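Be aware that the sequence shown starts at 0, since it is given in numbering that gives the first Met the number 0, and climbs by one per residue.
Taking it in order: structure first as structure tokens, then the write-up.
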Amino acid sequence: MGATEEKRRVAEIVRTLKREYPEARCSLDHSSPLELLVATILSAQCTDERVNRVTPELFRKYPTAADYAAAPAEELERDIHSTGFFRNKAKSIQGACRRLRDEHGGRVPETMEELLKLPGVARKTANVVLGNAYGQASGVVVDTHVSRLSERLGLSAEKAPEKIEQDLMRLVPREDWVLFSHLLIAHGRKICKARAPLCCECPLEKLCPSNACGQ
Ligand code: SF4
């Protein structure tokens with residue numbers, strides 16, 4: 000398929016998914032860039048639903064970066080225990096928040112370069128924060144749903160998230176980068192499930208090379 004045709008197919012995928020999932024958005028509850036940064040760190044290897052059960056109390060208890068930075072590690076670990084990998088996550092939150100407190104006046108920076116310097120913050124977390132807290136399209140967030148659907152939809156043959164992201168950035172118009180991952184995640188949860196995709200109910204069946212309906 001030529002590059003123009005491929006972009007046309009992707010545009011049709013985006014249009015269809017926007018119609019199907021008009022409510023698609025970041026599913027981590029937050030009301031500030033700091034809250035989103037913390038929630039995103041907690042969401043590694045954990046469902047957003049579980050993170051959302053922990054964060055209301057957490058955000059009340061630690062309203063600023065300085066509060067996380069000053070907390071005894073064991074106490075923070077207890078507070079986030081149910082999201083799993085709590086020692087590493089507590090270390091990342093405290094490392095990032097100490098830097099925010101000491102070098103950014105407690106504010107979460109608005110550039111990829113500065114975000115990547117925060118301990119425990121990799122490109123995916125930075126993309127989530129820039130896209131959803133600051134409305135900046137810095138890239139495409141690639142999580143497990145986005146990886147799986149990109150492969151099934153023939154958008155990327157890569158395995159590493161950073162490489163999948165590069166393919167998606169080439170194919171998807173920049174103004175849709177942030178929404179695109181929310182759309183794929185919504186579709187992955189509802190129809191294009193990991194074990195048994197519901198191809199016969201899928202609005203993308205005519206656009207998808209992995210369509211297994213009727214097989
Ligand atoms: S047709 Fe099947 S494999 Fe393709 S996107 Fe839809 S559910 Fe997923």
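We put the CB at the ideal spot given by N, CA and C, even for glycine.
Because the structure is a prediction, the values reported are computed rather than measured.
Would residue i and residue j qualify as a contact pair, given that the criterion is a beta-carbon distance under 8 Å?
i    : j    : result
V177 : N131 : yes
E109 : V139 : no
A68  : R97  : yes
L35  : V141 : no
E76  : R86  : yes
S91  : I12  : no
L154 : L167 : yes
H186 : Y20  : yes
R106 : L115 : no
D28  : L57  : no
R8   : L148 : no
R173 : A136 : yes
A64  : L99  : yes
A72  : A95  : no
C199 : R151 : no
Can you find a heavy atom of ligand 1 that lies under 7 Å from the Cβ of residue i?
i    : result
A156 : no
L197 : yes
S209 : yes
I190 : yes
E150 : no
L203 : yes
Mind checking residue i: buried by the 16 CB within 10 Å criterion, or exposed?
i    : result
T82  : buried
G104 : exposed
P118 : exposed
A2   : exposed
A159 : exposed
Q214 : exposed
T196 : Before going on, a small fix: residue 196 reads as Pro here, not Thr. Per the 10 Å Cβ criterion, buried.
T54  : buried
D175 : buried
A125 : buried
For residue i, report the span of its alpha helix (DSSP H) as first-last.
i    : result
G187 : 176-189
I92  : 85-102
A136 : That residue, A136, is in no alpha helix (DSSP H); it is neither H nor E in DSSP.
D66  : 64-69
A72  : 72-78
N51  : 47-60
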